[in-house]
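Just add 41 to the spot in the sequence shown (first one is 1) and you have the numbering used here. Glycine residues also receive a C-beta, built at the ideal position from the N, C-alpha and C atoms. If you're wondering where the values come from, they're calculated on a predicted model, not measured in any experiment. What follows is a single structure, written as structure tokens, with notes after it.
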Amino acid sequence: MPITLPKAGVYRFFTDVQPDGAKRQLTLGTDVFAEGDLRTAPLPKPERVAKVDGYEVTLTGGLTPGKSTELTLSVSKDGKPVTDLEPYLEAYGHLVALRQGDLAYLHVHPDGEPGDGKTPAGPGITFFAEAPSTGAYRLYLDFKHGGKVRTAEFTVHAGDARVPVRTGGHDDRPHTH
């Protein structure tokens with residue numbers, strides 16, 4: 042399948058698959074190189090609010106190396122909470138974290154699922170994630186509203202006191218991804 046990359050650099054492509062009969066998903070990845078004049082840039086500074094297509098997504102919680110921690114991402118539009126998120130790939134949100142430097146990949150599904158009778162369709166989407174090590178991570182939240190999938194992006198530091206962490210509760214449940 043042909044693809045046009047936006048600029049020169051190294052891109053890492055990921056796919057999650059679950060072979061027939063397997064109990065867990067597998068993540069496969071490959072690096073793709075786009076030729077040209079490579080210009081590296083630092084990660085954006087950590088922020089607790091991301092803006093995308095007129096939506097604001099607020100991050101509460103943080104990543105802790107070696108410990109499952111709660112992250113809640115709350116979606117609003119025009120200053121009002123979004124309470125009618127739409128399922129996307131059988132969930133109200135999907136969260137991917139990439140570690141700076143080696144692009145180590147973490148894919149996290151939210152707590153609960155659409156139609157289970159207890160998981161609201163927003164504004165908050167709660168995840169339990171464990172960072173494998175201290176460092177800077179780039180988080181990408183995919184959510185669907187109004188028939189369109191949008192991606193909110195955040196930079197967070199796991200195990201780094203430079204970024205204040207607002208907590209919204211805690212749960213030590215392990216996560217499978």
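Counted as a single uninterrupted DSSP element, the stretch harbouring A49 is not any beta strand (DSSP E), since DSSP gives it neither H nor E. Between the segment 73-87 and the segment 148-158 there are fewer than three C-beta pairs closer than 8 Å, too few to call the two in contact.
With 16 or more other CB atoms across the displayed protein chains lying within 10 angstroms of its CB, V123 is buried.
Checking the DSSP bridge columns, you'll see G188 has no partner listed. The beta carbons of Q141 and A91 sit no closer together than 7 Å. Separation of F184 and E76 (C-alpha to C-alpha, rounded to the nearest whole angstrom) is 32 Å. Minimum Cα-Cα distance from T167 among the listed residues Y133, G188 and E88 corresponds to Y133.
In this chain, the beta strand (DSSP E) harbouring D72 covers L67 to A75.
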